[in-house]
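Colleague:
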Amino acid sequence: MGKLLCDSTATIQSPSPTVPWREPSTAAIDGVDLVNQSSAAAAFEAAEKTMAATAWDDVSGLEEQQRRHLRRLHAKGVLWKHPGKEESSSPPVVFRLSHGGEVSSDGNCLFTASQKAMEARVVDARDLRRRAVRRFLEDFGSAGEEEKEAVREAIRHMYSPDLKAGWGIHIVQEEKLLAKKEERESLDSAIDELVQIGMQRETAAESIYRERCVPVNDGPSWAKYMSVSGSSEDEHDIISLQYTEDGLLSVDENRQGHAAAFGDDIAIECLATEFKREIYVVQAHGSDGMVEEENCVFFLPHKPRSEVIESPVFLFMKGTGWCGGGADHYEPLIASPSQIISQEKVAFVL
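Numbered according to my numbering, the sequence shown spans residues 16 to 365.
Shown next as structure tokens:
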């Protein structure tokens, strides 16, 4: 995908990526009872721990090992250095991460969570979806053939997998197809005809959809797929064909037309490029993730294909019950800039 050359037009209100260090004045220290000052510091630290505990104790679906690490991210913060800039011109900043609230599991969670995490005032989730798709089409169109093929391969892996392979990792694999809404009646009629001559309905649906719908397996079809937001204005419905190693398992025909395309890594990178901000997905594994406790929370960076001009965005993905295989529900994290402390005292260095 090509390098971003245009600027974003949305107004995003976010914390400044630079927090200047200020030495305490001598006058402010003179005459202070150091014993009382120490008590005040201890009280402040206790209050911070209480805030961290409260911030994460109310979040559902987490195990205690996850909460412990997430409280630490809130209490100690993560240190971020502006990429490509000298520390003298852009000092590091520490962000304390807190949960930004639950968002609906309607397929738009990546974009809803991003809007909340960015504290964007003038765009909504569907606006962000449209901008991500537009950014993708512009960058994909300007990319070289080798880079385009790498993108196509990633799309095929996610949405049109090779059903002869991958069963050592997956129990169920899914293919995505796009049906034009204006053609649903003719598709249904074709399926009914096959059923009338004795074909099982799901097999008939699979046959017709494969023959007459668009597979999500390249750049243009990905853009059409990612444009589906579950609204009446969508041009396409998403058809999902699920398979086990033994063959067809089910056909989700989305007859109500309410399904939306879940965001993926490509969409996150497009958002990062569109807004010239790094986006970090903070992923929290449960005990079923087969990882040691100290590694149960980690950061997945998505860097823009452009100069970074603003502070990073943080999204949360909690995983319990999916055996470390990934999750597809995003929630916002609120990044509050904090006082610069030594690198050794922060919870994580990005």
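Every residue gets a Cβ at the ideal spot worked out from N, C-alpha and C, and that includes glycine. Computed from a predicted model, the values in this text were never measured in an experiment.
Taking the alpha-carbon positions, what's the Lys179 to Asp72 distance?
Modeller: The alpha-carbon atoms of Lys179 and Asp72 are separated by roughly 44 Å.
Colleague: What runs of the alpha helix (DSSP H), each 4 residues or longer, lie entirely inside the stretch 152-179?
Modeller: As far as the stretch 152-179 is concerned, its whole alpha helix (DSSP H) runs of at least 4 residues are 160-174.
Colleague: Can you list, in chain order, the residues of its chain whose CB lies under 8 Å from that of Arg150, leaving out five sequence neighbours each side?
Modeller: Here the set comprises Leu19, Cys285, Leu286, Thr288 and Glu289.
Colleague: I need the boundaries of the alpha helix (DSSP H) containing Arg87, first residue and last residue.
Modeller: Unbroken alpha helix (DSSP H) run through Arg87: Glu79 to Lys91.
Colleague: Considering only the beta carbon of each residue, do Glu346 and Ala128 sit closer than 8 Å?
Modeller: Contact: yes.
Colleague: Per the contact definition of three or more C-beta pairs closer than 8 Å, is the stretch 248-268 in contact with the stretch 76-83?
Modeller: Cβ pair count under 8 Å is below three, so no.
Colleague: Rank Tyr240, Glu208, Glu153 and Glu168 by C-alpha distance to the C-alpha of Ala194 and give the top, closest one.
Modeller: The candidate whose alpha carbon is nearest that of Ala194 is Tyr240.
Colleague: Distance, Cα to Cα, Lys64 vs Arg86?
Modeller: Residue confidence is low: Lys64 scores 46 on pLDDT, short of 50, so the model does not pin down where it sits. No coordinate-derived value is stated.
Colleague: Taking the alpha-carbon of Gly181 as reference, which of Thr259, His344 and Arg270 has the nearest alpha-carbon?
Modeller: Here the closest residue by C-alpha is Thr259.
Colleague: Is there contact here, the stretch 136-145 with the stretch 207-222, by at least three beta-carbon pairs under 8 Å?
Modeller: Judged by Cβ distances under 8 Å, the stretch 136-145 makes no contact with the stretch 207-222, as fewer than three pairs qualify.
Colleague: Express the C-alpha separation of Glu198 and Arg225 in angstroms, rounding to a whole number.
Modeller: Cα-Cα distance, rounded: 14 Å.
Colleague: Grouping DSSP H, G and I as helix and E and B as strand, with all else coil, what is Glu260?
Modeller: Here Glu260 sits in coil by DSSP.
Colleague: Would DSSP call Trp182 helix, strand or coil?
Modeller: Coil at Trp182, not helix or strand.
Colleague: How many whole angstroms separate the CB atoms of Ile170 and Asn232, which I take to be in contact at a CB cut-off of 8 Å?
Modeller: Confirmed, Cβ separation roughly 6 Å.
Colleague: So who's on the other strand from Ala147, going by DSSP bridges?
Modeller: In the DSSP output, where bridge partners are listed per residue, Ala147 has none listed.
Colleague: Rounded to a whole number of angstroms, what is the C-alpha to C-alpha distance between Ala132 and Phe126?
Modeller: Those two C-alpha atoms are separated by around 10 Å.
Colleague: In three-state terms, what does DSSP make of Ser236?
Modeller: It is helical.
Colleague: Leu191 bridges to which residues according to DSSP?
Modeller: Correcting the residue identity first, residue 191 is Lys in this sequence and not Leu. Ser255.
Colleague: Quick check: the Cα distance between Pro107 and Ser242, rounded to an integer number of angstroms?
Modeller: Spanning the two alpha carbons is a distance of roughly 37 Å.
Colleague: Going by Cα to Cα distance, which pick from Asp280, Ser353, Asp203 and Val297 is closest to Ile254?
Modeller: The shortest C-alpha separation from Ile254 is found at Asp203.
Colleague: Assign Gly339 to one of three DSSP states: helix, strand, or coil.
Modeller: In this prediction, Gly339 has a pLDDT of 38, which is less than 50 and means its spatial position is unreliable; what the coordinates show is noted afterwards. Gly339: coil per DSSP, three-state reduction.
Colleague: Restricting to Cα atoms, I'd like to know which of Gln354, Leu315 and Gly156 is closest to Ile283.
Modeller: The shortest Cα separation from Ile283 among Gln354, Leu315 and Gly156 belongs to Leu315.
Colleague: Just verifying my parser: in three-state terms, what is the DSSP assignment at Lys360?
Modeller: If DSSP states are grouped into helix, strand and coil, Lys360 belongs with the helices.
Colleague: For a test of the three-state rule: what should DSSP assign to Met214, helix, strand or coil?
Modeller: In the structure shown, Met214 sits in coil (DSSP, three-state: anything other than H, G, I, E or B).
Colleague: Would you say Lys91 and Val296 are within 8 Å of each other, going by their C-beta atoms?
Modeller: No, Cβ-Cβ distance for Lys91 and Val296 is not below 8 Å.
Colleague: Take the Cβ of Ala165 as the centre, count every other Cβ of all protein chains shown within 10 Å, and call the residue buried at 16 or more, exposed below.
Modeller: Result: exposed.
Colleague: Report back the beta-carbon spacing between His344 and Cys124 to the nearest angstrom; my notes put them in contact at under 8 Å.
Modeller: About 5 Å; that satisfies the 8 Å criterion.
Colleague: Taking its Cβ as the centre, do 16 or more other Cβ atoms sit within 10 Å of His251, making it buried, or is it exposed?
Modeller: Counting Cβ neighbours within 10 Å, His251 comes out buried, since at least 16 surround it.
Colleague: Whose CA, out of Ala238, Ala220 and Cys311, lies closest to the CA of Ala275?
Modeller: The shortest Cα separation from Ala275 among Ala238, Ala220 and Cys311 belongs to Ala238.
Colleague: Should Ser326 go down as buried or exposed, given a rule of 16 or more other Cβ atoms within 10 Å for buried?
Modeller: Flag for Ser326 reads buried.
Colleague: What residue from Glu359, Lys96 and Val148 has the CA that sits closest to Asp280's CA?
Modeller: Minimum Cα distance to Asp280 is reached at Val148.
Colleague: In its own chain, which residues sit with a C-beta less than 8 Å from the C-beta of Arg145, not counting the 5 before and 5 after it?
Modeller: Hits under 8 Å: Ser242.
Colleague: Throw me the rounded Cβ distance for the Arg167 and Ser353 pair, which I believe falls under 8 Å.
Modeller: Between Ser353 and Arg167 the Cβ distance is about 42 Å, and since that is not below 8 Å, they are no contact.
Colleague: With a CB to CB cut of under 7 Å and the five nearest residues on each side skipped, what residues in its chain are close to Ala220?
Modeller: Once the five neighbours on either side are set aside, the close Cβ partners of Ala220 are Ile206, Val266 and Glu268.
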